[in-house]
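Visitor:
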Ligand code: SF4
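Numbering (the UniProt record's numbering), first residue to last: 1 to 274.
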């Protein structure tokens, strides 16, 4: 039997094909990586971010099971819209909890010349084997990653998400070491992440530690997922927190030096950074 890096059985169908637990699909994603993308949101996440707008993706091993071929069959009719940069994005939930499925799908994508993008929060990342071996194989067939740094301070990261950030920063540094292009994203939340001192620290970290950044994005906190908490009977911990003002968004963009990162304009699938 195939095992995943945490030595749990990988789900397969009767033909032995790997199954992924899919939460939902977005056929025309315009914000989930370069170009227009077919986005597959996977089920399951260990983190419990206070601001998460998709608490319905948290539970593991539920949702619709699909093989890589089944995903491709749904995605391929949209191929003509993808252009040079677009393609398929695997998002979540947390995609790195199902790396074998991602590897299977992206290997097939590469055989077909499709651009591949992983959207991750990095929480499962470790340099320990066997997880690391699987991850490296997955990187070989991944063109670009979107990595969320939710807080630069590990203690505050833990208060915000339930997990510290050391291994997430290590993921960013590893991707820089091997020259794999990334977009870095940061959710700006009044009372949680919108403090100049933290933003300056994050901006400096990206500038001094990472050489592979194509784009830095500030994502303004929004409350569109709050109703899901109410429906699911889960307490919402940011009750009363409003989205940031445009001024604060612009301030964060300045402190994160977003204008300095323009690699995304000329990025092409398969590109490596120095
Ligand atoms: S990592 Fe993403 S999916 Fe998981 S809790 Fe945080 S925001 Fe939600």
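For each residue, glycine too, the CB sits at the ideal point set by N, CA and C. Since the structure is predicted, the reported quantities are computational estimates derived from the model, not experimental observations.
Just the Cα atoms here: how many angstroms apart are residue 157 and residue 225?
Guide: So the two alpha carbons sit approximately 21 Å from each other.
Visitor: At a threshold of 7 Å, does residue 172 count as lining the ligand SF4 (C-beta to nearest heavy atom)?
Guide: No, since every heavy atom of the ligand SF4 falls outside the 7 Å radius drawn around the Cβ of residue 172.
Visitor: Which runs of the beta strand (DSSP E), 3 residues or longer, sit entirely within the region 7-53?
Guide: The region 7-53 contains these whole beta strand (DSSP E) runs: 20-29 and 37-42.
Visitor: Within the present structure, is the beta-carbon of residue 94 separated from the nearest heavy atom of the ligand SF4 by less than 7 Å?
Guide: Yes, Cβ of residue 94 sits closer than 7 Å to a heavy atom of the ligand SF4.
Visitor: Enumerated in chain order, which unbroken segments of the beta strand (DSSP E) with a length of 3 residues or greater are wholly contained in the region 194-270?
Guide: Runs of the beta strand (DSSP E) inside the region 194-270: 213-220.
Visitor: Answer yes or no: the CB of residue 232 versus the heavy atoms of the ligand ADP, is any distance below 7 Å?
Guide: With respect to the ligand ADP, the structure shown offers nothing to examine, as its ligands consist of the ligand SF4.
Visitor: Indicate the three-state DSSP secondary structure (helix, strand or coil) for residue 3 in the structure shown.
Guide: Residue placement at residue 3 cannot be trusted, given a pLDDT of 45 that sits under 50; what the coordinates show is reported in the next sentence. Reduced to three states, the DSSP call for residue 3 is strand.
Visitor: Under a Cβ-count criterion, where at least 16 other Cβ atoms within 10 Å of its own Cβ denotes burial, should residue 244 be classed as buried or exposed?
Guide: Residue 244 should be labelled buried.
Visitor: Using 7 Å as the cut-off, classify the Cβ of residue 47 as near or not near the heavy atoms of the ligand SF4, replying yes or no.
Guide: Yes.
Visitor: Using the DSSP secondary-structure output, state which residues sit across from residue 120 in a beta bridge.
Guide: According to DSSP, which records beta bridges pairwise, residue 120 is partnered with 147.
Visitor: Could you give the distance in angstroms between the alpha-carbon of residue 3 and the alpha-carbon of residue 105?
Guide: With a pLDDT of 45 at residue 3, under the threshold of 50, the modelled position of this residue cannot be trusted, and the question is left open.
Visitor: Output needed for residue 26: all residues of its chain with C-beta closer than 6 Å, excluding positions within five of it in sequence on either side, in chain order.
Guide: Excluding sequence neighbours, residue 26 sits near 39.
Visitor: Does DSSP put residue 131 in a helix, a strand or coil?
Guide: In the structure shown, residue 131 sits in a helix (DSSP, three-state: H, G or I).
Visitor: For the beta strand (DSSP E) containing residue 188, name the first residue and the last one.
Guide: Segment 182-188, the beta strand (DSSP E) holding residue 188.
Visitor: Which ranges does the alpha helix (DSSP H) cover as unbroken runs of at least 4 residues, wholly within the region 50-127, from first to last along the chain?
Guide: Segments of the alpha helix (DSSP H) lying fully in the region 50-127: 68-75 and 99-111.
Visitor: For residue 125, does the count of other Cβ atoms within 10 angstroms reach 16, so buried, or fall short, so exposed?
Guide: Classification for residue 125: buried.
Visitor: Tell me whether residue 121 counts as near the ligand SF4, meaning its Cβ is closer than 7 Å to at least one heavy atom of that ligand.
Guide: Residue 121 Cβ: within cutoff of the ligand SF4.
Visitor: Look up residue 137 in the DSSP assignment and say whether it is helix, strand or coil.
Guide: Three-state result, residue 137: helix.
Visitor: In or out: residue 148 buried (at least 16 other Cβ within 10 Å) or exposed?
Guide: Result: buried.
Visitor: What residue from 214, 237, 231 and 241 has the CA that sits closest to residue 222's CA?
Guide: Ranking 214, 237, 231 and 241 by Cα distance to residue 222 puts 241 first.
Visitor: Across the region 129-146 and the region 114-121, are there enough close Cβ pairs to call them in contact, namely three or more that are closer than 8 Å?
Guide: Yes, the region 129-146 touches the region 114-121.
Visitor: Are residue 162 and residue 48 close, meaning C-beta to C-beta below 8 Å?
Guide: Contact flag set, yes.
Visitor: Quick check: what's the CA-CA separation for residue 60 versus residue 101?
Guide: One C-alpha to the other measures close to 14 Å.
Visitor: In terms of residues, what are the limits of the alpha helix (DSSP H) holding residue 165?
Guide: Segment: none, residue 165 is in no alpha helix (DSSP H) and carries neither H nor E.
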